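**Q** Protein sequence lines correspond, in order, to chains S and Y. Read left to right, the first sequence gives residues 1 to 85 (the working numbering). Read left to right, the second sequence gives residues 1 to 141 (the working numbering).
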Amino acid sequence: MKKYYYIIILIIMAILVISSINLEYGHPENLDFVNYYFEHGIQDTGAINLVASVYLDYRAYDTLMETIILFMAVIAVLFFLGKGE
Amino acid sequence: MKNSQIIRTIARKLFPFILLFGFYLTLHGHLSPGGGFQGGVVIGTGIILLGLAYGVRETEQRFKEKYLGILEKLAILSFIFLGLLGIFFGYSFLKNFLPLGQKGCLASAGFMIPLNLVISTKVAAGVTGIFYTLIKYRGEI
Numbered sequence: 001m002k003k004y005y006y007i008i009i010l011i012i013m014a015i016l017v018i019s020s021i022n023l024e025y026g027h028p029e030n031l032d033f034v035n036y037y038f039e040h041g042i043q044d045t046g047a048i049n050l051v052a053s054v055y056l057d058y059r060a061y062d063t064l065m066e067t068i069i070l071f072m073a074v075i076a077v078l079f080f081l082g083k084g085e
Numbered sequence: 001m002k003n004s005q006i007i008r009t010i011a012r013k014l015f016p017f018i019l020l021f022g023f024y025l026t027l028h029g030h031l032s033p034g035g036g037f038q039g040g041v042v043i044g045t046g047i048i049l050l051g052l053a054y055g056v057r058e059t060e061q062r063f064k065e066k067y068l069g070i071l072e073k074l075a076i077l078s079f080i081f082l083g084l085l086g087i088f089f090g091y092s093f094l095k096n097f098l099p100l101g102q103k104g105c106l107a108s109a110g111f112m113i114p115l116n117l118v119i120s121t122k123v124a125a126g127v128t129g130i131f132y133t134l135i136k137y138r139g140e141i
């Protein structure tokens, strides 16, 4: 019985992949926010490095949560492996 | 555990240059490839190299685990505090409130340098803390 499930899932995956080969996820001329970063990034943030201007100015929330994720990882390692006082 | 004299000497001579490279990556994060995360990982790697060459017990006398933990928590709190300063200056949260300066110079891009320094401190302390804990759990070195 389990074999049929695998076969059905494989067929569904094949149909989805084949039908989505020619799907268009955005056209390069319509990516307004990317063009905005290229044109106004240096004037807005003052940083030459556009990557830095994105991850420290436009998407600073993302960086904050990223540091909190690392903080949680350190806490988890200390909790499971640390000796404790 | 004692490593050979060659490994210990090379690690000791290499350590300041690794720290220098890490600080360079951090401070030039808004001008060239690099940034806070990468610079912090490089600084942490220097301390890990010392720990592998000399043993954790000897390294911990210089870089104590307690102070590293305090440094890490202080760094993440100051990140949030820098974000809140934007509200106090009349903008939104995590808004660049410092003057932008001349483009291309080291002292430009407002509060990106303090943010990069804070992130670098936090990542270096976190990586070193994880290393200490894992080594002590295994009971080796």
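Note that CB positions come from ideal geometry on N, CA and C, so glycine has one too. All of these numbers come straight from a predicted model, not from anything done at the bench.
1. Which residues, taken in chain order from the segment 87-120 of chain Y, show a beta carbon closer than 7 Å to some beta carbon of chain S?
2. At a Cβ threshold of 9 Å, is residue 106(S) touching chain Y?
3. Taking the beta carbon of residue 135(Y) as the centre, do at least 16 other beta carbons fall within 10 Å, making it buried, or is it exposed?
4. Please list the partners that residue 42(S) has in chain Y, where partner means a Cβ-to-Cβ separation under 7 Å.
5. If I follow the unbroken alpha helix (DSSP H) through residue 31(S), where does it start and stop?
6. Considering residue 114(Y), what are the terminal residues of the alpha helix (DSSP H) in which it resides?
7. Quick check on residue 38(Y): does DSSP put it in helix, strand or coil?
8. Can you tell me whether residue 2(S) is helix, strand or coil according to DSSP?
9. Rounded C-beta distance between residue 75(Y) and residue 125(Y)? I'm assuming under 8 Å.
10. Alpha helix (DSSP H) containing residue 63(Y): first to last residue?
11. So within the segment 32-63 of chain S, which uninterrupted alpha helix (DSSP H) runs reach at least 4 residues, ignoring any that extend past its ends?
**A** Taking the coordinates as given:
1. Using a CB distance below 7 Å, the part of the segment 87-120 of chain Y facing chain S consists of 94, 96, 100, 101, 103, 104, 108, 109, 110, 112, 115, 119, ordered along the chain.
2. Outside the shown range of chain S (1 to 85) lies residue 106(S), about which nothing can therefore be said.
3. Taking the first residue of the second sequence as 1, we reach residue 135(Y) at position 135. Classification for residue 135(Y): buried.
4. For this step, residue 42(S) is matched to residue 42 along the first sequence. Under the 7 Å cutoff, chain Y gives 103.
5. Here residue 31(S) refers to the residue found at position 31 when the first sequence is read from its first residue. Note, residue 31(S): premise wrong, no alpha helix (DSSP H); not H, not E.
6. The residue labelled residue 114(Y) in the question sits at position 114 within the second sequence. DSSP places residue 114(Y) in the uninterrupted alpha helix (DSSP H) bounded by 112-138.
7. As a working mapping, residue 38(Y) is identified with position 38 in the second sequence. Reduced to three states, the DSSP call for residue 38(Y) is helix.
8. As a first step, residue 2(S) is located in the first sequence; it is residue number 2 there, counting from the start. In this structure, DSSP gives residue 2(S) a helical state, which the three-state scheme calls helix.
9. Counted from its first residue, the second sequence places residue 75(Y) at position 75. Counted from its first residue, the second sequence places residue 125(Y) at position 125. Separation of the CB atoms of residue 75(Y) and residue 125(Y) is rounded to 7 Å, and the pair is thereby assigned contact status at 8 Å.
10. Indexing the second sequence from 1 puts residue 63(Y) at position 63. No alpha helix (DSSP H) holds residue 63(Y); DSSP gives it neither H nor E.
11. For the segment 32-63 of chain S, the continuous alpha helix (DSSP H) assignments of 4+ residues that do not extend past its boundaries occur at 32-45, 50-53, in sequence order.
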